[in-house]
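K.L.:
Per the working numbering, the very first residue in the sequence shown carries number 47; after that it's consecutive.
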Amino acid sequence: MSVTLDRPAPKAVTEAGCEARPILRERGQREVFCGLTGIVWMHRKIQDAFFLVVGSRTCAHLLQSAAGVMIFAEPRFATAILDERDLAGLADAQEELDRNVTRLLERRPDIKLLFLVGSCPSEVIKLDLNRAAQRLDRRFNGVRVLNYSGSGIETTFTQGEDACLAALVPELAQSDAAQLLVVGALADVVEDQFIRLFAAMGIERVAFLPARRAGGMPVVGPNTQFLLAQPFLAETGRLLEARGAKHLAAPFPLGAEGTTLWLRAAAQAFGVSESRFSEVTAAGEARARQALAAPRARLAGKSVFFFPDSQLEVPMARFLTRECGMEAIEIGTPYLHRQHLAAEMPLLPESALISEGQDVEKQLDRCHAARPDLVVCGLGLANPLEAQGITTKWSIELVFTPVQGYDQAADLAGLFARPFARRDVLRV
Ligand code: SF4
C-alpha cells in the first residue's frame, strides 16, 4: 500500500553537497510504498527462495495488488497473518509461526532459502524475527532461514531489496579470489548480456548478488571489486565493504552513456585496454543510440519533475537530460547516497533543483508552479496530478521493467514517452 508517514519535521535546509552544489533537504510528510514491494521482483530473481511476510491483512493485500495479475501454480511468497495479541500471547505466536513454516517446508521441498519478512504492526515488531529465523534455521536441514524488515516504518520500497541483500551478505563464503561482483537484482536477460560483455573484455570471474539460486550465492573477500547495478543498496554496499570488498565508483547502467561508463569502471579496474574495451562496447552503444532516436523525438524539449520514490531518480534524470533532450526541473529522491551517486552528480544539469527527503505539500506547490510536461512519482500522487491535467509516470514501473544495459535503453526512454502518447490519444 502507499502509506503517508508523518516524520519529525525540522525546517527544510539547503546544504552544499560534497560536489558543491546546493541540495534541498526536506523532512516532512511523505508518500511512499513500503519495502515489502521488493518481494515482487526479488522472488522472481532467486528461483528457489520463498518470502514469508509476517504481517497483517494490509500487508497481504499490498502483496496481492502489487503482484497484480500474476498467478502462480506454486507461489513463492505468502503472508502469515498475525492478529492483535498482547505480550502474553507472543509465545503462542512464535509457535504458530513455527507451525506455519514447518507446514510450508514439508509441502515445498524445492524451497532452499526462506526469508521471514517483518512488517509494521506492533505485534510483529514485538516478535523477535531474528531469533525465530535462527531457531528455524537450526531445525531444518538444507534450508537457510534468514530475516529482514520490509516495514513501512523503516523502509521505502526499493529499500526492501537492500534489506534482503544485506541479510545475505554475512552468509557469503569468504574468498581471496580476484573477481568482479555485480550487486543488485537484474532481469536474467540483462544479466546474460553483461556476462557476455565482461567475457568479451576478458574479465573471467564475474559473479552476481543475488544469484539465481540459493546454492549459487557468490563468495566475497579483499580481492572482490563490486559494481552496483542499483543506486538503492546503501546497507548492502556498506556490509560488502566491511567484508573487504572494494566499491567501483560509476554511474549506473541506464542508457547508452551510463552503460558504457559503468562497464568502463570494471574494465579499468581489471586492466582491460581502452582499445579492447571500445571493440567490445562500440556496437552495443551504437545500437542503443540509434534505438533512442524514436523516443527521443517525443521527449526532447519537454520538462520533467521527479517526486522522491524509488531512489532511481538521479540516474534517470541524468539519462533523460543527456540522452533524451529533456529538461529536469526538480530531481527529488528519498535518500541521496553521496558515495554511490558521486559519479552521477556531476552529470546532472546545473539548472535542476536536487531535493532529498520530502515535504509533500511544499513539493506539490513547487510542481504546480513549474507546470512540468511530465511528473515521475508514486501511485499515490499520480492519480490526483493526472486529474489536474498533469502527465505522470509511475516510478514503480521503473523497477519492474528490465531497463539496464544497451539493449534496454530505448525501452527505458519508451517508458517515459508512453504517457505522452497516452495523453495524445485521449485528446483525439
Ligand atoms: Fe502497510 Fe506496513 Fe504492511 Fe507495508 S509493512 S503493507 S506499510 S502495514
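Idealized CB from N, CA, C, for every residue including glycine.
On a predicted model such as this, the values are computed, not experimentally measured, just so you know.
1. Using alpha carbons as the reference points, say which of Leu285, Arg185 and Ala126 lies closest to Glu152.
2. Tell me Pro264's beta-bridge partners as DSSP assigns them.
3. If you measure from the CB of Pro167, is any heavy atom of the ligand SF4 nearer than 7 Å?
4. Who are the near neighbours of Pro361 in its chain, counting only those whose CB is closer than 7 Å to its CB and skipping five residues on each side?
5. Measure from the C-beta of Arg251 to each C-beta in chain B and report whether the shortest distance is under 8 Å.
6. With Leu159 and Ala219 assumed to form a contact (beta carbons below 8 Å), what rounded beta-carbon distance in angstroms separates them?
7. Shortest alpha-carbon distance to Ala415 belongs to which of Glu376, Arg344, Thr204 and Arg469?
8. Please list, in chain order, all residues of the same chain as Ala346 whose beta carbon is under 6 Å from its beta carbon, the five residues on each side excluded.
9. Give every residue of the same chain whose Cβ lies closer than 7 Å to the Cβ of Ala463, excluding the five residues on either side of it in the sequence, and list them in chain order.
10. For the ligand SF4, any of its heavy atoms closer than 7 Å to the Cβ of Ser197?
11. Can you name the start and end residues of the alpha helix (DSSP H) that Glu142 belongs to?
12. What does the Cβ neighbour count give for Asn193, buried or exposed, with the cut at 16 atoms within 10 Å?
13. Buried or exposed for Pro264, going by 16 or more other Cβ atoms inside 10 Å?
14. In chain order, what residues of the same chain lie with their CB nearer than 8 Å to the CB of Gly188, ignoring the 5 residues before and after it?
15. Where does the unbroken beta strand (DSSP E) through Pro68 begin, and where does it stop?
16. Classify Thr148 as buried or exposed, calling it buried when 16 or more other Cβ atoms lie within 10 Å of its own Cβ.
17. By DSSP, does Cys80 sit in helix, in strand, or in coil?
18. What do you reckon, are the CB atoms on Pro268 and Phe351 nearer than 8 Å?
19. Note the first and the last residue of the continuous alpha helix (DSSP H) segment covering Ser195.
20. How far does the beta strand (DSSP E) with Thr125 in it extend, from its first residue to its last?
P.N.:
Quick look at the numbers:
1. Residue 152 sits at position 106 when you count from the first residue of the sequence shown. Of the candidates Leu285, Arg185 and Ala126, the one whose C-alpha sits nearest the C-alpha of Glu152 is Arg185.
2. Within the sequence shown, residue 264 is the residue found at index 218, counting from 1. Pro264 is not bridged to any residue.
3. For this step, residue 167 is matched to residue 121 along the sequence shown. Yes, the Cβ of Pro167 comes within 7 Å of a heavy atom of the ligand SF4.
4. Taking the first residue of the sequence shown as position 1, residue 361 is located at position 315. These residues qualify, in order along the chain: Pro277, Pro297, Phe298, Leu300, Gly304 and Glu390.
5. Judged by its chain identifiers, the structure shown contains no chain B, having just a single protein chain.
6. Translated into the one-based positions of the sequence shown, residue 159 becomes position 113. Translated into the one-based positions of the sequence shown, residue 219 becomes position 173. 15 Å between Cβ atoms; not a contact.
7. What you label residue 415 is simply residue 369 of the sequence shown in a count that begins at 1. Ala415 has its Cα closest to that of Glu376, out of Glu376, Arg344, Thr204 and Arg469.
8. Start at 1 with the first residue of the sequence shown, and residue 346 comes out as number 300. Hits under 6 Å: Gly371.
9. Sequence index remark: in the sequence shown, residue 463 carries index 417 (1-based). Taken in chain order, the residues that qualify are Pro341, Arg344 and Leu345.
10. On the sequence shown, residue 197 is found 151 positions in, with the first residue counted as 1. The answer is yes for Ser197.
11. Within the sequence shown, residue 142 is the residue found at index 96, counting from 1. Here the alpha helix (DSSP H) through Glu142 covers Leu136 to Arg153.
12. The residue labelled residue 193 in the question sits at position 147 within the sequence shown. With 16 or more Cβ atoms within 10 Å of its Cβ, Asn193 is classed as buried.
13. As a working note, residue 264 is residue 218 in the sequence shown. With 16 or more Cβ atoms within 10 Å of its Cβ, Pro264 is classed as buried.
14. Sequence index remark: in the sequence shown, residue 188 carries index 142 (1-based). These residues qualify, in order along the chain: Lys158.
15. On the sequence shown, position 22 is the one that residue 68 refers to. It spans Pro68 to Arg73 - the beta strand (DSSP E) in which Pro68 sits, taken as one unbroken run.
16. Within the sequence shown, the letter at position 102 stands for residue 148. Label assigned to Thr148: exposed.
17. What you label residue 80 is simply residue 34 of the sequence shown in a count that begins at 1. Cys80: coil per DSSP, three-state reduction.
18. Residue 268 sits at position 222 when you count from the first residue of the sequence shown. Residue 351 sits at position 305 when you count from the first residue of the sequence shown. Judged by beta-carbon spacing, Phe351 lies beyond the 8 Å limit of Pro268, meaning their Cβ atoms are not closer than that value.
19. Taking the first residue of the sequence shown as position 1, residue 195 is located at position 149. Where Ser195 is concerned, there is no enclosing alpha helix (DSSP H), although the beta strand (DSSP E) it sits in stretches over Arg190 to Ser195.
20. Residue numbering aside, residue 125 sits at position 79 when the sequence shown is read from its first letter. That run of the beta strand (DSSP E) goes Phe123 to Ile127.
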